[in-house]
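K.L.:
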Amino acid sequence: MLKSILSISGKPGLYKLVSQGKNMLIVESLLDGRRSPAYGNDKIVSLGDISMYTNADDVPLRQVLKNIFEKEKGADVSMDSKKANNAELAAYLEQVLPDYDRDRVHPNDIRKLISWYNILVKSGNTDFEEKAEESAAENAQTE
1 MLKSILSISG
11 KPGLYKLVSQ
21 GKNMLIVESL
31 LDGRRSPAYG
41 NDKIVSLGDI
51 SMYTNADDVP
61 LRQVLKNIFE
71 KEKGADVSMD
81 SKKANNAELA
91 AYLEQVLPDY
101 DRDRVHPNDI
111 RKLISWYNIL
121 VKSGNTDFEE
131 KAEESAAENA
141 QTE
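The sequence shown runs 1 to 143 under my numbering.
1. Which value, in whole angstroms, describes the spacing of the CA atoms of Y39 and K3?
2. Rounded to a whole number of angstroms, what is the C-alpha to C-alpha distance between T126 and K71?
3. Quick check: the Cα distance between D42 and S78, rounded to an integer number of angstroms?
4. Below 8 angstroms between beta carbons: does that hold for V157 and L47?
5. Would you call V45 buried or exposed, if buried means 16 or more other Cβ atoms sit within 10 Å of its Cβ?
6. What did DSSP end up calling Y53 once you bin it into helix, strand or coil?
7. Could you spell out where the alpha helix (DSSP H) holding K71 opens and where it closes?
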């Protein structure tokens, strides 16, 4: 599910990939449902490709979002990330991902994570489990 959810630099919120055109993608905003083009010169990142720094290995964003989902019992994050100070943000992420790298994960990263989580919950995109496609790819490799 997260492979088709995109973050586009310079545009607020998250977008769902709808279609591909010549030299562009057609995306739909998860905030208001409007469709718009995203061009090749835009910095576009799939949420499925993002991971969070930890002191050991990097943790996929999918796992961090799943941890937040379990902590919040499927509801929005109650803390207002825009008004929270850096210590409150760090304390929240520590509850969700205790081993996160405090030097490389900045308060703005935590704010963005909470914002993305809230957008995904409000739009009904809460399937943070690994998809069968990934396990099917693993099975194909073993055959």
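The beta carbon of each residue, even a glycine, is placed where N, CA and C say it ideally should be.
P.N.:
Taking the definition as stated:
1. 18 angstroms
2. 13 angstroms
3. 32 angstroms
4. Beyond the ends of the chain as shown, which are 1 and 143, falls residue 157; an answer cannot be given.
5. exposed
6. coil
7. 61–71
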